[in-house]
Structure formats: C-alpha cells, structure tokens
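**Q** Quick note, the working numbering runs 274 ahead of the 1-based positions in the sequence shown. Backbone N, C-alpha and C fix where the C-beta goes; we use that ideal spot for every residue, glycine too.
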Amino acid sequence: MISAIANLSKDVRQYMLVTFNYWNFTVTDGALRMLVVLHFHQLGYSSLQIASLFLFYEFFGVVTNLIGGWLGAKLGLNRTMNIGLAMQVGALLMLAVPSAYLTVPWVMLAQALSGIAKDLNKMSAKSAIKTLVPGEQQGALYKWIAILTGSKNALKGAGFFIGGLLLAVVGFKGAVLAMAALLAMVLTLSLALLEKDMGKAKNKIKFKQIFSKSSSINILSAARMFLFGARDVWFVVALPIYLSQVFDWDHTMVGGFLALWVIAYGFVQGIAPKITGKAKGAVPDGRAAMGWAGLLSLITLGVALGVQFNWQPELTIVVGLLVFGAVFAVNSSLHSYLIVSYAKDDGVSLDVGFYYMANAMGRLIGTVLSGLVYQYAGLAACLWVSVAFLVVTTIISIRLPAHSGIKTV
C-alpha cells in the first residue's frame, strides 16, 4: 500500500493529502453541528436561540472567505489549510469545558473559531485542485472538483450521524474531545507532508484585490448566496427541531436521516459530471446552472405545498427533501466547477475565496432565517422562503456566460 502511494506522481499524492485533510475536517464539522443543535435543544433552547449559536460561525465564515483567499495567495494554501486544522482543534477543546461554562457567549465564540477554521480549510482544498490540474483539462478539473465536493458532503452527512450517536453514547464533552484528538493527528501529518507554497501567487498580491473584478464571478457569487440561503433556511435549525418535536424522532433518528440526506447529496455531487452530460463531450456552462436552478425551484414549490396543506407530511418531507437534495447537489457541483474554471490561475484562492464569501453569506442569512421563521411561522414558511430564494437564483443565473462547447479532456 505504502509503495503504491510512493509510485504515484507528486501532484496526485498532494491531491490525496489535501482530500484526506478535508475529509477528516468535514466529519468533525458535521458532527459538531449536530451535537450543538441536539444538545442545546435537549437543554431547552428555542429554535431562535439555537440559530444564534451559529451566528458567529456563519458571520466569520463570510469574513474568512473574503480575507482567506488573500492569505492563501500570499502565504500558500498549505499554511491556510494547516491553520484551519489547528483552529478547529482549539474550537473543539473550548467546548470540552464543564457544562457550567457552556454559556451562549462562550459557545458562540467557539463556533466563531470553528467557522473561520472550516472556511480556511474548504477554500484551501478547492483552490489547491486548480494548482494541480492543467488549465486545458477542463473535463478533468470538473471531475476532480465533483469528487472532492461530493465526498466532502457524504462525509459531512456521516458526521451528522456520528454527532447524534456520540451524543447518545459518550455525551457532549466526550464527543468533542475525541474529535479534537483525531484532528490533532491529522494536523501533525499535514505539517509533515503537505507541499510548501502550494497556490502561492507568483506576483505580489494587494489586499484590495480580495474583491473580484470579474463579472462572471460576481454573478456566480450572487447566485450561490441565494442558492445556499435556500437550503439552510429550512435545513440548519428548522428541520432537526421539526423532526424531533412533530414526528417525535430521537437524536439517533434525526442524525441518521440528516446523515442519509447529506450522504445521498454528496454521492450525487460526485457523479454530477455524468448527470450533466460530460459523456457527450462538453462541460457545463451558465445555461446549465440556470436550468438546474429552475428545476430546483419547482421541486421546492411542490414540497412547500405538501407541507402547507399537511398532505402526508412525513412522506412529503422525507421523500420531497431527498429529491431536493439530489437536484441541489447537481446545482452545487456545477457552481463548484464554474468558480474554479472562471478563477485566474495566478492567485486562484482570491477568486475562490470571494465566491465562498458569498456562499457563507447565504448560509448566514439562511441560518438566521431558519431559527426566526420556524419559531414564528413553522416549517412550511421556511420552505416558502426557500422557493423565493431559488427563483432569485434562477433569475441571476440567466446572466452567467454561456460557452460554445468547451471539450472535455
């Protein structure tokens, strides 16, 4: 096994290490989110209070993506990835304090640290692939981005299940300590093996360059913001609490369903190139992104109507949201490919960071609305907000550039 890895090219070995780091981080990120939602719901927190615990997580994700791209271009992606791993270890250890110290401000601070860590890690991983795949191989780029993104979400789903399971088996403190130990080992390996100066810009990068001057990237970023807001407005806080309150599911069942949802979502992301027609010899463009966003709008409309009129709500939610997840996965994978394709080769993390800043802004808006709208109007209202956001995503996507049929390699 070790000799087989040693025989691989340097770029492939670096890709494997970046992916390994990203995978392990993602499991802990998904588990931590489920731990916080279920643990604090168990303690009697309202949906709005639970949403507030993630406020700094999402807000600092916005800031991190904006500045992190500049840091990645200036310092190198290996350093930003390792900083992210170290910060997540710190965030987990902050949550391992005695229960009396787990106040709302303390948890929000730990979540802020985790949000910074998550987006440094994600930006570094996505940007690193651009540096490892030759620019003319757009088909290969789409494939590797889809594999990385899909596997990440499958593992995040596994993290949801692991979070619910760990909470039931070893409790909140035991769970965060176990995850901190795992990531500390991953960080040690990364510090030893990850290539120095990966993704570091050849030209001097000015701080003002954190704002993208590319109209294509600006349009795609706006579409991404509403796309992820449309998901998180029902998924982050409203759905886990709804499943627990209305359907009376226990922690393991809630974590298991959300895990299944995200794993299936990640699987579809991984095969998105086949679904969108890569086999026909061309990679997707802005027209494809618009079409898939429109389809997702219609699916969400159907789920919202079913919940609004209480038509077999358990069947509607379970099946409807699995279909939503599959189509959302294609949308997300298309976006992930398009941003890396649009990004400049030199200082790629600047463009990717700006784009994921918009992604984080969408998550922030969705998270706040998830708690607020659910508390005052219920799950159906959350889904109607999701429909509105997806219609906006579709309209914005009309302006994404179309190509004349770039061939795959």
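Tell me which same chain residues have a C-beta within less than 8 Å of the C-beta of tryptophan 297, skipping the five on either side of it?
**A** Ser425, Lys426, Leu429
**Q** At the level of alpha carbons, what is the spacing between valine 371 and lysine 447?
**A** 7 Å
**Q** Quick one: any contact between the stretch 639–658 and the stretch 326–337, if contact means 3 or more CB pairs under 8 Å?
**A** yes
**Q** Is the distance from the Cβ of methionine 268 to the Cβ of methionine 499 below 7 Å?
**A** This structure cannot settle anything about residue 268, because the visible part of the chain is limited to 275 through 683.
**Q** Just list the alpha helix (DSSP H) runs in the stretch 333–403, keeping only unbroken ones of 4 residues or longer that don't cross its boundaries, in chain order.
**A** Those alpha helix (DSSP H) runs which fall completely within the stretch 333–403 and span 4+ residues are 351–368.
**Q** Can you tell me whether glycine 389 sits near the ligand PLP, meaning its C-beta is under 6 Å from at least one heavy atom of the ligand?
**A** The model depicted lacks the ligand PLP and carries no ligand whatsoever.
**Q** Out of Arg637, Trp508, Phe531, Leu517, state which residue places its alpha-carbon closest to the alpha-carbon of alanine 655.
**A** With distances taken between Cα atoms, alanine 655 lies closest to Trp508.
**Q** Below 7 Å between beta carbons: does that hold for glycine 358 and asparagine 395?
**A** Yes, the Cβ-Cβ distance between glycine 358 and asparagine 395 is below 7 Å.
**Q** Considering just the uninterrupted stretch of the alpha helix (DSSP H) at tyrosine 319, what are its terminal residues?
**A** Note, tyrosine 319: premise wrong, no alpha helix (DSSP H); not H, not E.
**Q** Starting from histidine 581 and walking both ways along the alpha helix (DSSP H), at which residues does that stretch end?
**A** In the sequence as presented, histidine is not what sits at residue 581; that position holds valine. Unbroken alpha helix (DSSP H) run through valine 581: 560–582.
**Q** Quick check on tryptophan 523: does DSSP put it in helix, strand or coil?
**A** coil
**Q** Does the distance from the CB of valine 601 to the CB of leucine 657 come in under 7 Å?
**A** no
**Q** Report yes or no: do three or more beta-carbon pairs, one from the stretch 433–443 and one from the stretch 522–529, lie closer than 8 Å?
**A** yes
**Q** Kindly indicate which three-state DSSP category alanine 651 falls into: helix, strand or coil?
**A** helix
**Q** From isoleucine 672 to serine 388, what distance separates their C-alpha atoms?
**A** A direct Cα-to-Cα measurement between isoleucine 672 and serine 388 gives close to 35 Å.
**Q** Please report the Cβ distance between glutamine 582 and serine 320, rounded to the nearest whole angstrom; I am assuming they are in contact, meaning their Cβ atoms lie under 8 Å.
**A** 23 Å between Cβ atoms; not a contact.
**Q** Closer than 6 Å by C-beta to valine 542: which residues in its own chain qualify, once you throw out the five before and the five after it? Chain order, please.
**A** In the same chain as valine 542, and ignoring 5 residues on each side of it, the C-beta atoms closer than 6 Å to its own belong to Ala600, Ala603, in chain order.
**Q** Counting C-beta neighbours from all protein chains within 10 Å, is the total for threonine 462 16 or more, i.e. buried, or is it exposed?
**A** exposed
**Q** Measure the Cβ-Cβ separation of threonine 574 and leucine 664 and say whether it is below 7 Å.
**A** yes
**Q** Taking only three categories from DSSP, how would you classify glutamine 543?
**A** Glutamine 543 falls in the helix class under three-state DSSP.
**Q** How many Å lie between methionine 368 and asparagine 584 at the Cα?
**A** 42 Å
**Q** In or out: glutamate 332 buried (at least 16 other Cβ within 10 Å) or exposed?
**A** buried
**Q** Using DSSP with H/G/I as helix, E/B as strand and the rest coil, what is arginine 673?
**A** coil
**Q** Taking the alpha carbon of leucine 340 as the point to measure from, which residue in Ile390, Met361, Ala676, Leu595 has its own alpha carbon closest?
**A** Ile390
**Q** Please report the straight-line C-alpha distance between isoleucine 670 and leucine 572, rounded to a whole angstrom.
**A** 16 Å
**Q** If I measure Cβ to Cβ from tyrosine 539 and keep anything under 6 Å in the same chain, skipping five residues before and after, which residues do I get?
**A** Setting aside the 5 residues that flank it on each side, tyrosine 539 is surrounded in the same chain by Asn427, Gly599, Ala603, each with a C-beta closer than 6 Å to its C-beta; the list follows chain order.
**Q** Rounded to the nearest angstrom, what separates glutamine 483 and leucine 674 at their Cα positions?
**A** Unreliable placement is indicated for glutamine 483, whose pLDDT of 49 sits below 50; the coordinate value is still reported in the next sentence. Glutamine 483 and leucine 674: Cα-Cα distance of roughly 22 Å.
**Q** Considering only C-alpha positions, which residue in the set Phe628, Leu345, Gly350, Val336 is nearest to asparagine 492?
**A** Phe628
**Q** DSSP state of leucine 243, grouped into three classes?
**A** The question about residue 243 has no answer, for the chain in this structure spans 275 to 683.
**Q** Just to confirm, are isoleucine 537 and glycine 433 a CB contact at a threshold of 7 Å?
**A** no
**Q** For leucine 570 and tyrosine 375, I'd like the C-alpha separation in whole angstroms.
**A** 43 Å
**Q** Just the Cα atoms here: how many angstroms apart are serine 464 and valine 301?
**A** 17 Å
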